[in-house]
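Below: the structure, in structure tokens.
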Amino acid sequence: MNIGDFPSGPIYFLGTNGADTLTGTTSGDVLMGFGGNDMLSGGDGADTIDGGSGTNRIDGGAGNDLIVIDRTATNGAMLTPATGIVGGDGYDTVSFAGTMAEFHVVNTVGFGITVTDLVGAARTIATGVEHLKFTDGDIWLVDPNLNAPVVSGVVTASTIEDGLPVSVDLLALASDPDPISALFVTGLGALPPGVTVSGSVLTLDPAAFQYLGQGVTEVVTLAYQVSDGLHVTDAFAQVTVTGENDAAQFLGLAGTVGEEGGMASGAVVVTDIDAGEAVLATQGVFAGAFGVFAVTGGAWSYQVDADALPVQGMSTGQVLIDSLDLASVDGTTAALSVSITGVTDPLVLGGLGADRINGRGLAERIYAAEGADTVLGNGGADTIDGGAGADRVLGGDGADRIIWDAADGLADGESGYDTLVIKSAATVTLSALDQVAGDAGRTRGFEAVDASLSLGSVSLTGSEGANRLTGGYADDLLAGGRGADVLTGGLGADRFLFASRGGVDHVTDFTLGEDHLVFSAQAQAQVTWTEVGADTRVEIAGTVVILDNLHGLTIQDFIFG
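Note that full-length UniProt numbering has the sequence shown beginning at 1, numbered continuously upward.
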């Protein structure tokens, strides 16, 4: 009769003083028959069975059962019939409430164990039991430690890189069918980093795995053995560590340059304890507030826009800061900052309307601002920016720099070696009447084109004279014409186009494997090149090209056609 089901412990089956039949479950149950001649069956599980008084029949069933003989049982005349016990599967124990001297034990092969109570005049006949327990000792009918430990699976745990240490019991999935064995951990080799073992407890400190990137997992496996003192069984524990992001650190984030132009450069060094993440993700060319940043690998450069009004408007000692946000591959950001130091210059400023500005014959910087302005530089090496609007700009005498935009009506360098400044993608041809392709206005009187701050591709073609053509940050085409020209491609995969009998030209920054020299198809059979000092001299059909500070030219650096 089942009178209780207790979740925190075994199920109790309690009989009466009559003849009861009690049957246990598949769990470890407690069956108590009390009085009467009872039939008790434990079923599966490690059961505890006490028949009580009377002549009982007990079947332990599967599992390591404990059968209690409490000396209240009574048998018939001549001690028959006796209490009968069938231990069943497992290591079963019959426990007698007395000393060994108070009982007589006979083991009859093929019949079983007969235990006679010399004091209480009762008898027990048992088969399939392995252990007789008395208050002062034990009789083992079989070796109690025949079997190796059983390991039912891999002990597992998980943690995160920045979490607390995690511990697992290496014996959590280990058991031993032998009744008196004590299991322990052995067979440990070298422990993985961050792992310690004390007794049967493995502890992993995730601080040893700071190199893991965000979401990257590493499974730490520990091989060991479970022993009962005589036998060992192989076992494994696995702890999965999931990485979390560690912010990258940046060095080399500052530079300086003067307002009169030039370039600041440096190298950004990224460090990150996360494996494979010490990499600068920001790459390419970027417009700053007062110039252009270029980042390749870890190297960076900054070219200040010396013609920009905020730059030229600075007084001596004044500082402007231009910055670019950089990012590493893990998303950490930092600002690359360049300090631009000012110098007081003669500065002429226009208003918001249609101004007429006359230079004073000095080297001046003239900014006409908004409106359809007319600007006359007159003498001196002037820098002139008409600003917004359909402007007319005439440089006058001197080596002038005139900043062009698409709205301008006319830009004329006039006398002197003058430079047309282009800050965006454009096609420019220098001739008696120059032209910026696609723009409504006209340009003329220029010997040089400076597109060094253009982020878009430019195509620059020189005149019959000696020109200086400077490309920008994209893939540019520079054609010097027939004079003694100086060509600077800037960044990007640039092409340098040369006409036959074009004189002696210089390329200042040819990059092997990226830039190309372009000649006609007929010229391929005539081309020769020689390394002269630090330079390479290329000759073809009357044209000489000097590649400044370059060795290692190959035929792959040419385009013919």
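Positions of the beta carbon are idealized from the N, C-alpha and C atoms, including for glycine.
Can you tell me whether residue i is buried or exposed? The criterion is at least 16 other CB atoms within 10 Å of its CB, across all chains shown.
i      : result
Asn467 : buried
Leu230 : exposed
Asn64  : buried
Phe111 : exposed
Gly284 : exposed
Pro522 : In the sequence under discussion, the amino acid at residue 522 is Gln, which differs from the Pro named in the question. By the 10 Å Cβ count, Gln522 comes out exposed.
Arg356 : exposed
Leu321 : For clarity, residue 321 is Ile in the given sequence; the question names Leu instead. Exposed: under 16 other Cβ atoms inside 10 Å.
Val545 : buried
Gln318 : exposed
Val375 : buried
Ser167 : exposed
Gly4   : Note that Gly4 scores a pLDDT of 43, beneath 50, so its modelled location is shaky and nothing firm can be said.
Pro192 : exposed
Gly489 : buried
Ser265 : exposed
Gln303 : buried
So who's on the other strand from residue i, going by DSSP bridges?
i      : result
Asn358 : Leu376
Trp140 : His131
Trp404 : Beta-bridge pairing links Trp404 to no other residue.
Ala499 : Note: Ala499 sits in no beta bridge, so no partner.
Ser459 : Thr427 and Leu477
Phe290 : Phe290 is not bridged to any residue.
Ala299 : Ala267 and Thr296
Arg392 : Thr374 and Leu410
Gly112 : Thr108
Gln249 : Thr271
His516 : Arg495
Ser95  : Val68 and Lys133
Phe510 : Its beta-bridge partners do not exist; DSSP assigns none.
Thr203 : Ser167 and Thr196
CA-CA distance, residue i and residue j?
i      : j      : result
Pro10  : Asp44  : 13 angstroms
Gly288 : Asp325 : 10 angstroms
Ser41  : Thr25  : 9 angstroms
Ser301 : Ala534 : 24 angstroms
Leu222 : Asn107 : 47 angstroms
Leu453 : Glu244 : 41 angstroms
Pro206 : Asp176 : 32 angstroms
Ala82  : Leu14  : 22 angstroms
Leu137 : Met100 : One point to set straight first is that residue 137 is Gly, not Leu, in the sequence displayed. Taking the straight line joining both Cα atoms gives about 7 angstroms.
Val216 : Ile422 : 48 angstroms
Tyr91  : Asp178 : 7 angstroms
Val56  : Pro144 : Rather than Val, the amino acid found at residue 56 in this sequence is Asn. Roughly 27 angstroms between the two C-alpha positions.
Phe496 : Asp509 : 11 angstroms
Thr242 : Val201 : 21 angstroms
Val428 : Asn549 : 28 angstroms
Gly199 : Leu183 : 11 angstroms
Val239 : Ala157 : 5 angstroms
Gly153 : Ala299 : 53 angstroms
Val269 : Asn378 : 49 angstroms
Gly54  : Thr16  : 12 angstroms
Gly35  : Thr72  : 9 angstroms
Arg401 : Gly387 : 14 angstroms
Leu280 : Gly194 : 30 angstroms
Gly291 : Gly297 : 20 angstroms
Gly472 : Gln312 : 21 angstroms
Go to residue i, then tell me how far its beta strand (DSSP E) extends in each direction, as first and last residue.
i      : result
Leu309 : From DSSP, Leu309 is part of no beta strand (DSSP E) but of the alpha helix (DSSP H) over Leu309 to Gln312.
Gly255 : Ala254 to Gly258
Gln238 : Val232 to Thr242
Arg468 : Arg468 to Thr470
Gln210 : Neither: Gln210 is in no beta strand (DSSP E) and is coded neither H nor E.
Asp494 : Element bounds for Asp494: n/a, residue is neither H nor E.
Tyr367 : Arg365 to Tyr367
Ile160 : Val155 to Ile160
Ala223 : Thr217 to Ser227
Asp385 : Thr383 to Asp385
Ile180 : Taken as a continuous stretch (DSSP letters only), Ile180 belongs to no beta strand (DSSP E), as it is neither H nor E.
Gly194 : It is not in any beta strand (DSSP E) - Gly194 carries neither H nor E in the DSSP assignment.
Leu173 : Segment: none, Leu173 is in no beta strand (DSSP E) and carries neither H nor E.
Glu539 : Asp535 to Ile540
Ala448 : Ala448 to Asp450
Val527 : Run containing Val527: none; DSSP gives neither H nor E here.
Ile546 : Thr543 to Leu547
Leu420 : Thr419 to Val421
Val185 : Phe184 to Thr186
Thr554 : Note, Thr554: premise wrong, no beta strand (DSSP E); not H, not E.
Does residue i have its Cβ less than 8 angstroms from a Cβ in chain C?
i      : result
Gln283 : Of the protein chains in this structure there is only one, and it is not chain C.
Residue ranges of each beta strand (DSSP E) run of no fewer than 3 residues wholly in the segment 15-76, ordered along the chain?
-> For the segment 15-76, whole beta strand (DSSP E) runs of length 3 or above, ordered along the chain, are 21-23, 30-32, 39-41, 48-50, 57-59 and 66-69.
Beta strand (DSSP E) segments (min. 3 residues) lying fully within the segment 314-349 | Segments of the beta strand (DSSP E) lying fully in the segment 314-349: 319-327, 333-341 and 347-349.
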